[in-house]
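Just so you know, the sequence shown maps onto residues 0 to 432 in numbering that gives the first Met the number 0. Built from N, CA and C at the ideal position, the CB exists for glycine as well.
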Amino acid sequence: MALNIFQTNNNSNGFAKKSKKMARMGAIGAFFITMAYACFTCMFTTNTTNLIMAFSLPLACIVFYGITYTNINSKTIYEILLYFLMFSACFTIFIGYKINFEGNYSVLMMVILNLTLFIIPTNKKLAIYFGVVFTFLLVALLLSEQNYSFIWLIICLFLFSFVLSFIITMQRRNLIRTIDSNASILKSIANTTNDAFLLVDYFSKEIKDANERTSKVFNLSNAKDVIKTNYQTLFANNDYIQQNRTEIKQQITDYGYFNDEVQFKTIDGEIFWGYLSLSPFNAAKNNYYLLQIRNIDAKKKYDEKIAYNSEKYRFILDNLDEFIYLANYSKGSIPDFEYVSPFIEEIFGIKPHQNVSQEIQEKVAQLYHPEDVPKIKKEKDQFFSDKKAAVFNYRVKPLGKDKYIWIQEKVFPRLDENGNIIEILGILRKKED
């Protein structure tokens with residue numbers, strides 16, 4: 000059974016727009032009540048006309064049940080139901096009038112009339128029903144041979160039942176409005192996002208509902224086209240869930256949900272990248288998955304382009320006859336080297352990956368010419384104070400070498416919004432002696 004949680008194109012308008020299934024159930028219940036009433040009526044009268052009217056009520060229920068299977072809309076069906084209830088009540092009162100509201104029959108009549116008050120769905124219909132039936136009941140009682148005490152008792156009972164049912168109907172209406180309001184908010188949220196939302200049955204894997212955005216994400220003419228289909232058919236790889244079951248279970252256990260960047264396919268078979276968020280939950284004694292899918296195809300292509308460009312630029316930097324580094328200082332005074340070019344080996348005699356080690360950095364500090372160390376320290380302190388680009392000239396002796404070489408180092412700081420150095424780009428090149 001498909002659900003209607005995300006769709007907004009179903010303009011449900013109060014009780015009259017509910018499914019015909021409810022009307023059918025009401026017709027079945029009314030049939031048994033009217034049949035019991037007709038049988039009890041046989042105990043109070045043998046008049047053919049009275050019995051025909053009594054037994055016409057269950058027959059009318061059968062006719063009404065058949066109407067629910069026609070193309071008549073739900074609102075009209077409930078209008079017919081109102082007329083049926085009014086005529087049934089009037090028939091019941093008329094039979095009572097014909098037998099002068101005999102004591103036991105009056106009890107049966109009031110049970111029927113009062114029960115009917117509680118099944119009418121809206122205040123407006125309840126007021127119409129009460130106005131017609133009350134008028135007919137009052138006239139019938141006044142024309143009967145019953146005393147005024149009996150008449151007042153019947154009228155008061157009917158009025159009391161009407162007031163009580165009116166209050167209950169108002170509370171029911173307010174509850175329905177609250178539920179409809181909450182449902183409307185949920186639908187608005189689900190349908191104003193750029194993501195596809197799908198409600199999936201936990202066991203059958205069948206899609207029960209989908210928001211309107213699903214049609215754009217999967218290039219559908221209508222989001223309802225995916226309802227009652229297996230959600231795994233949306234993946235470019237239909238076995239994706241099965242192949243990643245262990246990882247999915249682990250993430251759900253750890254975080255309560257699973258997310259990943261996955262390839263999906265449209266109805267035309269076009270492959271696109273999507274960000275998947277999958278969350279299990281239970282509601283109304285059923286277990287479901289909520290799938291949120293965002294099309295990130297453009298982002299993935301952009302990321303691939305950036306990755307390609309990064310590799311291209313890295314290739315250029317790696318082949319320059321200069322030692323280039325990028326050091327991050329956002330976590331403190333100790334640099335975190337994000338990039339080190341291979342030319343570091345020509346200057347310091349170490350591999351790029353070795354420079355990450357704190358021990359190696361301490362060794363590099365010992366490679367500076369002793370005469371240049373005070374000068375370098377002073378110039379670098381000044382650089383961190385001024386926070387402006389600077390140039391240093393000094394001598395170093397590469398590891399494994401016997402001679403010092405002259406180095407020119409240019410440094411360029413990058414500052415945050417508070418003026419603190421967060422990154423330094425350094426370019427070192429050999430100088431002629």
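For N122 and G130, what's the separation of their Cα atoms in angstroms? 12 Å
query = Which residues in the same chain as N285 place their Cβ atom closer than 8 Å to its Cβ, once the five residues preceding and following it in sequence are excluded?
reply = D200, Y201
*asked:* Rounded to the nearest angstrom, what separates P369 and T245 at their Cα positions?
replied: 59 Å
* Which partner residues does Y287 have in the DSSP bridge list? -> D200, F280
### Query
Are M108 and I92 close, meaning C-beta to C-beta below 8 Å?
yes
So, helix, strand or coil for G273, using DSSP?
strand
Buried or exposed, going by whether 16 or more other CB atoms sit within 10 Å of the CB of Q249?
exposed
*Report the rounded CA-to-CA distance for A15 versus M21, giving the unit in angstroms.*
Model confidence at A15 stands at a pLDDT of 40, short of 50, so the residue's coordinates are unreliable; what they give is reported in the following sentence. Roughly 10 Å separates the two Cα atoms.
ask   = Is DSSP giving V162 helix, strand or coil here?
value = helix
- prompt: Helix, strand or coil: how does DSSP classify E416 here?
  reply: coil
Close-in-space but distant-in-sequence residues of the same chain around V372 (CB under 7 Å, 5 per side omitted):
none
inquiry  = Measuring only the C-alpha atoms, how far is Q360 from V390?
reply    = 20 Å
Residue from S143, G25, R172, L275 with nearest C-alpha to L289: L275
_Rounded straight-line distance, which links the Cα of N193 to that of I404_ = 60 Å
* What whole-angstrom Cβ distance do T177 and I94 have, given they're in contact under 8 Å? -> Actually they do not touch by this definition, with Cβ atoms about 42 Å apart.
(message) Helix, strand or coil for Q407? Go by DSSP, reduced to three states.
(response) strand
Run of the alpha helix (DSSP H) containing I127, from where it starts to where it stops: 122-142
Exercise. Who are V261's beta bridge partners in DSSP?
Worked result: G273
What are the start and end residues of the alpha helix (DSSP H) that includes L233? Unbroken run through L233: none, as it is neither H nor E.
How many angstroms separate the CA atom of D259 from the CA atom of D238?
15 Å
**Message:** Can you look up I240 in the DSSP assignment and give me helix, strand or coil?
**Reply:** helix
Within the chosen definition, does the stretch 55-72 reach the stretch 21-38 through at least 3 CB pairs nearer than 8 Å? yes
Handout entry: Which listed residue (K300, I240, E269, T213) has its alpha carbon closest to that of L277
Key = I240
Note to self: Assuming D385 is part of the beta strand (DSSP E), what are its boundary residues?
What the structure shows: Careful: D385 lies outside any beta strand (DSSP E), inside the alpha helix (DSSP H) at 372-385.
### Query
Under three-state DSSP, which class holds G425?
strand
Are the beta-carbon atoms belonging to Y324 and S340 less than 8 Å from one another? yes
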